[in-house]
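First residue of the sequence shown? That's 45 in this note's numbering, and the numbers climb one at a time after it.
Cβ atoms here follow ideal geometry from the backbone N, Cα and C, with glycine treated the same way.
The structure displayed is predicted, hence computed values, not measured ones.
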Amino acid sequence: MTFTFRLDTTRTLWALGAPLAITSAVALGVAPALNPGVTAATKSVLAQTKLLDTESWIMGGSGLPIPPQSYIDALSARYINPSTPFFDGQPRFPVDATNGLFTPEGLYPNSGVKSLELDPSLAQGVTILHDTINQQIAQGNNLVVLGYSQSSTISTMVMRDLLALPADQQPTADQLSFVLLGAPNNPNGGLFERMDVLTDGSYPTIPSLGITFNGAIPDDAPWATAVYTLEYDGYADFPKYPINFLADLNAVLGIIYEHTIYPDLTAEQLATAIELPLSEDYTGNAQYFMIPSEILPLLMPLQSIPVFGQPLYDLLEPAMRVLVNLGYGSITDGWASGPADVATPFELFPTDLNWGEVLTALGNGAQDGWNAFIDDLSHLSLPSAADLLEGTGPAVENTLPSLVDIVNALSSIASTAYATLLPTADIINALLTTAPAYAASVFAQELAQGDLVNAIGLPVAGLVGLGTLAAGFEFLALNGAVRDITATIQDLFTA
Numbered sequence: 045m046t047f048t049f050r051l052d053t054t055r056t057l058w059a060l061g062a063p064l065a066i067t068s069a070v071a072l073g074v075a076p077a078l079n080p081g082v083t084a085a086t087k088s089v090l091a092q093t094k095l096l097d098t099e100s101w102i103m104g105g106s107g108l109p110i111p112p113q114s115y116i117d118a119l120s121a122r123y124i125n126p127s128t129p130f131f132d133g134q135p136r137f138p139v140d141a142t143n144g145l146f147t148p149e150g151l152y153p154n155s156g157v158k159s160l161e162l163d164p165s166l167a168q169g170v171t172i173l174h175d176t177i178n179q180q181i182a183q184g185n186n187l188v189v190l191g192y193s194q195s196s197t198i199s200t201m202v203m204r205d206l207l208a209l210p211a212d213q214q215p216t217a218d219q220l221s222f223v224l225l226g227a228p229n230n231p232n233g234g235l236f237e238r239m240d241v242l243t244d245g246s247y248p249t250i251p252s253l254g255i256t257f258n259g260a261i262p263d264d265a266p267w268a269t270a271v272y273t274l275e276y277d278g279y280a281d282f283p284k285y286p287i288n289f290l291a292d293l294n295a296v297l298g299i300i301y302e303h304t305i306y307p308d309l310t311a312e313q314l315a316t317a318i319e320l321p322l323s324e325d326y327t328g329n330a331q332y333f334m335i336p337s338e339i340l341p342l343l344m345p346l347q348s349i350p351v352f353g354q355p356l357y358d359l360l361e362p363a364m365r366v367l368v369n370l371g372y373g374s375i376t377d378g379w380a381s382g383p384a385d386v387a388t389p390f391e392l393f394p395t396d397l398n399w400g401e402v403l404t405a406l407g408n409g410a411q412d413g414w415n416a417f418i419d420d421l422s423h424l425s426l427p428s429a430a431d432l433l434e435g436t437g438p439a440v441e442n443t444l445p446s447l448v449d450i451v452n453a454l455s456s457i458a459s460t461a462y463a464t465l466l467p468t469a470d471i472i473n474a475l476l477t478t479a480p481a482y483a484a485s486v487f488a489q490e491l492a493q494g495d496l497v498n499a500i501g502l503p504v505a506g507l508v509g510l511g512t513l514a515a516g517f518e519f520l521a522l523n524g525a526v527r528d529i530t531a532t533i534q535d536l537f538t539a
């Protein structure tokens, strides 16, 4: 059994693992078939190229402190040691043994009202990973470390700590490698670098939530590092121009529809990976891979509408994708151009677009969408009354609940309801205090540089991006509470 992330029809599953992620459920199931030759291997089948005493250490994400074996197998088979590369040039890391590594993976409020905030969770995770690396190297082992989302940030912080050591105390390039998935610290796209627009050397923080936007993956690390990103993953591929509200909202929904599925990608999806260009003077040892998305997260909720959902999605998707991609400075790609290794904070507007080409692309998209819509309608089959009734089965006999059951249900409902108050207050606090202070700092910084346009525009763009993220997370938090309350009421009256 392999590890997958199954989203229910309302797509309210909290996203696994990154800062500001929304984690509430992880399901075990059968992952899509890769191919007959791809199996999750804890022992390398390539003995001739395998290094002795090389072990992989795989961490979970927020809400998943102890990685289950199915999750470990799924990630190993896809990103560490696939028996056959999924695309030309895919890095492979043959290992002798595969291990899961406990890290706290707390992310208040999304991993629980009483759970760790992100910053202390990261600090503890860094200590655990650092100690593991030291212990394994002392035992003569080489390591391949895999971090997914929050744990990719842990890996990034450990890289920085190791680079700060004297050269003779650092692990060698042969002793240590990294694989990072859905990394919020992607230099050109990660949320933690996008929002790190201040140039005074400090990282922006949200004290009420315990979150720090702590910059980019180091660009000078000697250790082989493979970084995988799904297009529109809101944590790893955030818009470069957040004043584009549609792109921001698409990124928020991408946290749900894209960020959660790295363990679940098929061979066909992985085969589309594109290696992103690096700067000419790059001195590190990382490779960055973008996996194009087959969907547009912004419109995915339409597909939950019976009968007409898919036609509506197909009608809007081509033109809407162009509008979303403008948030990345492109017509065709949902990621920012430029070297993948260069730390790239958000900017105000794209300056190199041909707006005539943009209008042409929008017109073509509208035509393509209309053609797809008409085609969908021509093949549309409305469900019959029998189809609607099919599967309903005999009516469930409900019983009147006892007084104790009613009191317990009311207590559970009240607990769920008031549990949302503290996170809601902290999010509002961030919007009313931290966000304005952040905007004021950006304004002062740009004004001091004599750039009046950016002094006004960048704070607005930053507030649009942060506000969209905050609103999306709050909506999902409240939606989760409504679902829990509904389930409690249903259980109360179900025999």
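Assignment of S485 by DSSP, reduced to helix, strand and coil, places it in the helix class. For Y301, there is no enclosing beta strand (DSSP E); the residue is part of the alpha helix (DSSP H) that begins and ends at 289-301. Exclusion of the five residues before and after I533 leaves A453, I457 as the residues of its chain whose Cβ lies within less than 8 Å of its Cβ. Just so you know, the alpha carbons of Y357 and L346 end up roughly 6 Å apart. Membership of E99 in the beta strand (DSSP E) is indicated by the continuous run 98-102. DSSP places S455 outside any beta strand (DSSP E); the residue lies instead in the alpha helix (DSSP H), whose first and last residues are 447-463. Remark: C-beta atoms of D281 and V508 do not approach each other more closely than 8 Å. Annotation: A118 to A469 spans about 38 Å, alpha carbon to alpha carbon. Taking 4 residues as the minimum length, the alpha helix (DSSP H) runs contained wholly in the stretch 198-240 are 235-238, in order along the chain. Around L290, the same chain offers L367, V368 as residues with beta carbons nearer than 6 Å, after the five sequence neighbours per side are excluded.
Contact check for V223 against A270 passes: the beta carbons are separated by less than 8 Å. Distance check between N288 and each of L510, S114, I102 places L510 closest, using alpha-carbon atoms only. Here I110 has F146 as same chain residues with Cβ atoms under 6 Å from its own Cβ, once five neighbours each way along the sequence are excluded. Leaving aside the five residues that flank Q354 on each side, the residues in its chain whose CB is nearer than 7 Å to its CB run, in chain order, Q347, D420.
In the structure shown, T304 falls within a coil segment according to DSSP collapsed to helix, strand and coil.
Exclusion of the five residues before and after L342 leaves L290, L293, N294, L297, M364, V368 as the residues of its chain whose Cβ lies within less than 8 Å of its Cβ.
A distance below 8 Å separates the beta carbons of L322 and D385. Rounded to the nearest angstrom, the gap between the Cα atoms of W379 and T538 is 48 Å. When the Cα atoms are used, L466 and L340 turn out to be separated by approximately 33 Å. Contact check between the stretch 148-163 and the stretch 101-109: three or more CB pairs, one atom from each, fall below 8 Å, which counts as touching. Contact between the stretch 166-178 and the stretch 474-487 is absent: fewer than 3 CB-CB pairs across the two stretches fall below 8 Å. Following the DSSP letters along the chain, one finds L190 inside the beta strand (DSSP E) bounded by residues 186-192.
For the stretch 383-430, the full-length alpha helix (DSSP H) segments reaching 4 residues or more read 399-422 along the chain. In the structure shown, Q331 falls within a strand segment according to DSSP collapsed to helix, strand and coil.
Distance from Y306 to Y192 at the Cβ level is roughly 6 Å; contact confirmed, criterion being Cβ atoms closer than 8 Å. Pairing P248 with R204 gives a Cβ-Cβ distance that is not under 8 Å. When secondary structure is reduced to three states using DSSP, A380 falls in the coil class, being assigned neither helix nor strand. When DSSP states are grouped into helix, strand and coil, T269 belongs to the strand group. In the DSSP assignment, A182 falls within the unbroken alpha helix (DSSP H) covering 162-182.
In this model, Y462 and G516 are separated by some 19 Å (Cα to Cα). G494 counts as exposed, since fewer than 16 other C-beta atoms from the protein chains shown sit within 10 angstroms of its C-beta. Judged by DSSP in its simplified three-state form, T468 adopts helix.
The secondary-structure analysis by DSSP pairs L496 with nothing; it has no beta-bridge partner.
The Cβ neighbour count for F519, taken over all protein chains shown within 10 Å, is under 16; the residue is labelled exposed. Annotation: A182 to T327 spans about 27 Å, alpha carbon to alpha carbon. Ranked by Cα distance from L444, the first of D535, P135, I318 is D535.
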